[in-house]
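Since the structure comes first, as structure tokens, the remarks are kept for the end.
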Amino acid sequence: PSAQGSLKDFFGKP
Amino acid sequence: MLEAKLSEAALLKRLLDAVKELVSDANFECNEEGIQLQAMDNSHVALVSVKLYASGFKRYRCDRPLPLGVNLGSLTKVLKCAKDDDICTLKAGDDADILSLTYEAKSAYADRIAEYEMKLMDIDADQLGIPDTDYDASVTMPSSEFLRIVRDLSLLGESVRIEVSKEGIRFVSDGEAANGNILIKQNAEASGKKKGSIEMNSAVTLTFSLKYLVNFSKSSSLSKKVQLMMSNDVPLLVSYAFNQGHIRYYLAPKIGD
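Going down the list, the protein sequences come from chains A and B. Counting from 1, position 9 in the first sequence corresponds to residue 572 in this note's numbering; the numbering is continuous, with no gaps. Counting from 1, position 59 in the second sequence corresponds to residue 1170 in this note's numbering; the numbering is continuous, with no gaps.
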């Protein structure tokens, strides 16, 4: 089964 | 202060419909370029970004950058009081504590002007920096087709694997009791008529939660076309463009399948 990734892993703070 | 006059309230109604289930409160960032909203859902899986260009309004004035903290449930209620074809004016003062909405309708027997006010709030939301990405695959298709595909597959399973290859774009759902897959081939005739297009630098396979995609496809009422931008291991970008602006969604992929 797969786990849901988080956007925080991809998008940082500006 | 902000004063923004839209020729039809329907645009705001549709935008709220396309956002309100992902996000409950959001800042409408108003400046001279227009109105922008960027917010992530509570689970940090999806992000929605809306832009309304100043030029998309009948009249637009915003003297200085103004964040309007809006409870989207309350705004949805106030917008329900507007008819789709009412002219809708948004106003807020520099203290940004009240948003006023005026709906103007001309009917056969009289002019109606309705005025509503709603409270604004302070929202302390961290803005995420979205990096510019060169995507490996870009697929444009009718938004109604995308809506149909994700809605159908969501009946079978909770996630969808999207594969873009030379063959076309394939949507696969493996449910416990049933599975399904839908292939959309690049069709010379269709692309000639500009119904859709598939551009690919390298093959892409990604898996996403269908409930979010079903949610995003509420934007089908805003645009006849949707663009899907994908690279392996990065969030999907689902983009709907319309005359006055755009709505974009980012969705984190499932990992380790």
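Ideal Cβ positions, reconstructed from N, Cα and C, are used throughout, including at glycine.
May I have the straight-line CA-CA distance separating residue i from residue j, to the nearest angstrom?
i	j	result
Pro1364/B	Glu1226/B	43 Å
Glu1215/B	Ala1165/B	20 Å
Gly1268/B	Lys1217/B	48 Å
Cys1173/B	Ala1352/B	23 Å
Gln1297/B	Glu1119/B	36 Å
Lys1335/B	Lys1169/B	23 Å
Leu1179/B	Ile1198/B	21 Å
Ala1320/B	Ile1224/B	In the sequence as displayed, the identity of residue 1320/B is Ser instead of Ala. Cα-Cα distance, rounded: 44 Å.
Gln1355/B	Asn1142/B	15 Å
Glu1132/B	Leu1123/B	15 Å
Val1337/B	Glu1310/B	14 Å
Ala1115/B	Ile1273/B	40 Å
Asn1182/B	Met1341/B	32 Å
Val1261/B	Val1325/B	6 Å
Hey, is residue i's beta-carbon within less than 9 Å of any beta-carbon in chain A?
i	result
Ser1320/B	yes
Lys1217/B	no
Ala1157/B	yes
Met1151/B	yes
Lys1365/B	yes
Leu1239/B	yes
Tyr1220/B	no
Leu1185/B	One detail in the question is off: residue 1185/B reads as Ser in this sequence, not Leu. Chain A contact via Cβ: absent.
Tyr1214/B	no
Tyr1164/B	no
Tyr1246/B	no
Val1261/B	no
Val1345/B	yes
Pro1253/B	no
Assign residue i to buried or exposed, taking buried as 16 or more other Cβ atoms, counted over all protein chains shown, within 10 Å of its Cβ.
i	result
Tyr1220/B	exposed
Gly575/A	exposed
Gly568/A	buried
Ser1154/B	exposed
Gly1145/B	buried
Arg1125/B	buried
Does any C-beta atom of chain E lie closer than 9 Å to the C-beta of residue i?
i	result
Tyr1351/B	Of the protein chains in the structure, A and B, none is chain E.
Every unbroken alpha helix (DSSP H) inside the region 1271 to 1353 of chain B [4 residues or more]: 1299 to 1303 and 1321 to 1327
#### Entry: Segments of 3+ residues assigned as beta strand (DSSP E) that fall wholly inside the region 1118 to 1193 of chain B
1136 to 1142, 1145 to 1151, 1157 to 1164, 1170 to 1173 and 1177 to 1182
Point to revise | the region 1129 to 1143 of chain B / the region 1231 to 1247 of chain B touching (three or more Cβ pairs under 8 Å) | key: yes
Is it true that the region 1279 to 1292 of chain B meets the region 1354 to 1362 of chain B, where meeting means three or more beta-carbon pairs spaced less than 8 Å apart? Touching, no, given that fewer than three Cβ pairs across the two stretches are closer than 8 Å.
Does the region 1329 to 1344 of chain B come within contact of the region 1246 to 1265 of chain B, defined as at least 3 CB pairs closer than 8 Å?
yes
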